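Trainee:
Residue numbers (this note's numbering): 43 to 115.
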């Protein structure tokens, strides 16, 4: 678990750097500080699946990389 804790900030930053909006930080059950990163809820109020949003953003990054650097794919 110590490794997970030490690398969590860089993992979150990696996702943000690759197009995942994790700006909604919340306090969840049992936590003493706000530390759970969520996708901001859209104005229509429908919940957003975090995992789906992460995969969608990373796939888009890969597609852009493929277009820009086809020789590396």
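Note that CB positions come from ideal geometry on N, CA and C, so glycine has one too.
Quantities reported herein were computed from a predicted structural model and do not represent experimental measurements.
#1: Can you give me the C-alpha to C-alpha distance between residue 79 and residue 66, rounded to a whole angstrom?
#2: Looking at the unbroken alpha helix (DSSP H) that takes in residue 107, where does it start and where does it end?
#3: What's the C-alpha gap between residue 115 and residue 107?
#4: If we call anything under 8 angstroms between Cβ atoms a contact, is residue 60 one with residue 100?
#5: Would you mind giving the Cβ-Cβ distance between residue 47 and residue 95, rounded to the nearest angstrom? I have them listed as a contact below 8 angstroms.
#6: Can you tell which of 87, 109, 111, 64 has the C-alpha that lies nearest to the C-alpha of residue 77?
Mentor: According to the data block:
#1: 6 angstroms
#2: 92 to 110
#3: 8 angstroms
#4: yes
#5: In fact, because the Cβ distance is near 23 angstroms, the residues do not count as touching under 8 angstroms.
#6: 64
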